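Have a look at the structure below before the remarks.
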Amino acid sequence: MANAKKSHALPEGGQWPDAIAFWAVLAGAVLTTIGFLMAFLYAGPVNGASVDGMPEMIGGQMVSSKLLLSQKIFYFHMPVAIVSFGALAFAGYYSVRFLMTKNQRYDTCAKVAMEISLIFVVCTMITGDLWTRFEWGVWWTWDPRLTTYLILMLIIIAYFVLRGFIDEPERRSIYSAVVSIIALVDVPICLMITRMIPSSIHPVVLREGGMTGDMGMTVGVCMIGMILLGFGMYRLRFRQVRLAQRVQALKDELEEN
Amino acid sequence: MSVVLKTPSTFQQYKTLLRKDLEQEFRTKEMITSMGIYALLVLVVFGAALGQTTQALDLLQVSGGLLWTLIVFTSLLGLNRSFNHEKEQGCLEGILLVPLDRSVIFLAKATSNILFLLAVEVITVPLFYFFFLTAVTPGESFWLLVLPLLVGTIGMAGIGTLLSTITVNTRGKDVMLAVLFVPIIFPLLFACASATTAIIVGAEGAMDVFYPALLLAAGYDVIMLLLSWVLYDFVISA
Amino acid sequence: MQAAITTKKLSKVFGTRKAVDNISLEVPQGAFLSIFGPNGAGKTTLLRMLSTLSRPTSGTAKLMGIDLKEDADKAREHIGLISHNSMLYPDLTAEQNLLLYAQLYGVQNPHERVMEMLEAVELKHRRLDVVRTFSRGMTQRLSIARALINDPDVVFLDEPYSGLDPHAVEIFDELIASQREGRTFVMVSHDLQKGFDMCTHALVLARGKEVAFGPKEEFEFGAFSLLYRETVGMGVS
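Residue numbers (this note's numbering), protein chains in the order written: chain Z, 1 to 257; chain A, 258 to 495; chain V, 496 to 732.
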C-alpha cells in the first residue's frame, strides 16, 4: 500500500478552486447571456444612431442598419480575444515555472491553459471574421489583428502537434514549454510589426472612437463573464487531467507492491 | 605521454565547432547543393505560376514576396538537414560530454546555418533577378536589398536552429519543423517582405516603409536570438 | 583512496514515473562495474546521470570527488563514454574527428595525442579516410580512441557490443583490457555472461531500484544468473 511518505508525490486529488470552478462556469454563462441581451436591448448603437432600416450618417460616412447590428459582435469579440491572450500568457508563465522546477504539475497547467487559449482563439477568429465580413465586406483581409490571431492560432496548433509527436514525457514537456514561451514573445511582436509597417495596399480603417457608458457597461459584463468562463473551464479541465494522472500513479504504485 | 587538459576559451570552442561544420560541408557539399537545386526548382515553379503575368507593375509588386517565399522554403530544407549529421551517430551526445557552455553549440550551429543560407542566396538572388527582374525596371536603390536579406537570414537561421534542435528529436521531423517555423517567423517574414517590396518597386516614399520595416526586423532578430540563446540549454539537455 | 563514483539516494523522477529510484553506490577506483537489468530497469538512465548527460531529480552523485550537480563541467573532464553509437561524424576523416574532440577538450599538443590514440587502436594507416568507409568494428575502435582522447578516469560503456561481429568483439575486449590501467569502467550490457566475466563489481536493477550490489566475489555465477532471471521475470510482468 501507499505509505504516507510516498503519497506526497502523487498528483493532488483536488484543490479549493475546484469547488468554485463549476459556479464560475455557470456565472460566466449567465453573465455572457446577460451581456448578449444587453448588447441588443441596452447598449445604444454607435453615436446614438437608430436602427430603423434607414442608413445613418456617422462621421461623414453612410452606415447601413446591417452595419450597426454587426457592430454588436464587438461586445463579444473583444472580451474573447483578451481572454484568449490571457490564457496564452498563463501558459507562458507556467512554462517558465516548469523549466525552473521541472515539476510535471506546471507542464499540465501550461497544457490546459493552451487548450483554453485555443478554444478562445477559435471563437475570436469566428466572431472577428463575421465582423470583417459585414464591416469591410470581405471574408478575409490581412489586417494586423486578424493576422496576429491567425498566427497565434497556428502556433497553438503547432504546440499540440508537437506534443503529439514526442513520446518521452520529460522531453515533451521541456520542448512544449520552450515553444509556448516563444509563442508568448512572438505574438505581441507579430501585432506590432504588422501594425507599425506603413502600407499602401491595406485600407486604413478609421473608426469613431470612444465608448458611451452603456456600451462600456455591456463590454464590462461580457468581459467578466468571459473571464469567469475561461477560469472555470480551465479549472474543470485541469482537475480532470490531474485526476487521470493520479489514477495512473496509483495504478503504478499498486502494481509495484 | 601524460595528457594535460587546459580548458579552451569559449571562442576557441566556437571556432572548433564551426570549423567542423564547414569541413563537413566542404567534403560533401550536401547543404549547398541540395538547397541550391531546390531554390532553382522553386524559381522554375515561379516561372510557371507567373507565365500569364505581362504587366511589369504586377511583377514588381509581387517579386519581393516571391523572393522571400523562395528563401523561407530553401531555409526550411537546410535547417532540417543541419542536425541530421549530429543525430546520425549520436555525435551531439559526444559534444555534450565535453565541458563547454551549451550556448556555444547554439552559436556555432546558427553561424554555420547563416553561412550556408547566405551562400545559397548569393547564387539564387542574381538568378531571381535574371529570371524575373530584367524585363522590368526595379527601383534605383535596388542594391539595398542586401540589408533585409542579411537581417532576415540571421533571424531565420537563429530561431530555426533552436526549432530544428527540437524537431530533430520528434517523429515526422520535416513536417514538424515547417509547422513550428512558419508561424513563428511570420513577423520577420512580413517585415522583410515589406522592406524588399518597397525598394524593388522604388515608388515615392519607399524609404518611409523600408527603414521602419528593416528596423522592426532587426528588433525581431535581437529579441528572438536572445530568447533562443537563453532557452537553448533546456532544449539541448532534454 | 577516494572512490571513483559515489551516489547517495540518487533518483530520476518525472511526474510519478521513477526511472531510477534511490540508488546508493560506492565504486572504488580501478573497478569494473557491470550494470544488469531488464529493459526499462533504469540502467541507461543511471548511466546517463553518472555521465552528466542527464540531471538527477534528487540525491547526490560524485565522480572522482566532484559533485555532478554542482560542477558538471569539471566532472566532464574525467569522463569518457563509448556507446553503440560511434559519436563520430561519418563525413570527416578519422583524424579530423579525433582532432575535433581533442581541441574541444583542450588537450595540450592535440596532434600528438591524436596520433598516439590512432596508433593505440591501430588505425593510423586509415587516418585520412572518411569514417563512412570504415567497417563497424573499425568505427567502434575509433570510437574508443575518441572516448579516451581526454584520458578520462572513468569510462562508461553503453551496450558497446551491439552490431559487432565476434572477431570485432575480441579486438574490442583486448583494447579495453589494454586501457584498464588506472581507470574505472562502468558498463551496461545485455550480455550477462560477458558482463559478469569482465566486471569486478555488479549491480542489478529492476524498475529503477537496486536489487543487488557488491563486489563480484560475493556472487557466484550460477546463483547470480538465477537472480538475474528472477529480476528479468519481475520486469516482464
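Just so you know, even glycine gets a beta-carbon here, dropped at the ideal spot from N, CA and C. In this text, all values refer to a predicted model and were calculated from it rather than measured experimentally.
Proximity below 8 Å, CB of residue i to CB of residue j
i	j	result
V83/Z	F120/Z	yes
I371/A	A414/A	yes
V259/Z	L88/Z	Because chain Z in this structure spans residues 1 to 257, residue 259/Z falls outside the shown range and cannot be described.
I480/A	L401/A	no
R622/V	A589/V	yes
G510/V	P169/Z	yes
V377/A	I289/A	yes
L583/V	L542/V	no
Y159/Z	S180/Z	yes
L613/V	A640/V	yes
L594/V	I574/V	no
V602/V	I644/V	yes
Span of the alpha helix (DSSP H) around residue i
i	result
P440/A	430 to 458
S360/A	359 to 385
S176/Z	169 to 196
F680/V	F680/V -> not in any alpha helix (DSSP H); beta strand (DSSP E) instead, spanning 679 to 683.
V260/A	Looking at the DSSP string, V260/A is not in any alpha helix (DSSP H), and its letter there is neither H nor E.
K272/A	267 to 285
G409/A	403 to 424
S638/V	631 to 642
F399/A	Element bounds for F399/A: n/a, residue is neither H nor E.
P469/A	463 to 494
H341/A	Looking at the sequence itself, residue 341/A is Asn, so the reference to His does not match. From DSSP, the alpha helix (DSSP H) with N341/A extends over 341 to 345.
I666/V	661 to 673
T147/Z	144 to 165
H459/V	Any answer about residue 459/V is impossible in this case: the structure gives chain V only from 496 up to 732.
D566/V	Taken as a continuous stretch (DSSP letters only), D566/V belongs to no alpha helix (DSSP H), as it is neither H nor E.
Bridge partners - residue i, DSSP secondary structure assignment
i	result
F708/V	L698/V
K513/V	V508/V
I574/V	V649/V
T588/V	V625/V
V522/V	I500/V
I561/V	L558/V
8 Å Cβ cutoff, residue i in contact with chain C
i	result
C348/A	No chain C appears in this structure, whose protein chains are Z, A and V.
Beta carbon proximity, residue i to chain A, threshold 8 Å
i	result
E572/V	yes
L548/V	yes
M125/Z	no
E170/Z	yes
S578/V	yes
T194/Z	yes
F22/Z	no
L130/Z	no
Residue i at chain Z interface by Cβ criterion, 8 Å
i	result
P440/A	yes
R543/V	no
G510/V	yes
R702/V	yes
Per-residue burial, residue i [other beta carbons within 10 Å of its own, 16 or more giving buried]
i	result
Q688/V	exposed
L26/Z	exposed
L420/A	buried
L483/A	exposed
T454/A	buried
I294/A	exposed
Q104/Z	buried
T502/V	buried
G703/V	buried
D653/V	buried
Any chain V beta carbon closer than 8 Å to residue i
i	result
K504/A	With chain A running from 258 to 495 in the structure shown, residue 504/A is simply not present.
E256/Z	yes
T273/A	yes
K263/A	yes
A249/Z	yes
L10/Z	yes
I245/Z	Note that residue 245/Z corresponds to Gln in the displayed sequence, not to Ile. Yes, Q245/Z lies at the interface with chain V (some Cβ there is under 8 Å from its Cβ).
L357/A	yes
V425/A	no
N3/Z	Low confidence applies here, because N3/Z scores a pLDDT of 39, under 50, leaving its location unreliable and the question unanswered by this model.
Boundaries of the beta strand (DSSP E) in which residue i is found, first to last residue
i	result
T502/V	498 to 509
T555/V	553 to 558
S529/V	527 to 531
Residue i beta carbon near the ligand GTP (any heavy atom closer than 7 Å)
i	result
D660/V	In the structure on display, the ligand GTP does not appear, and there are no ligands present to speak of.
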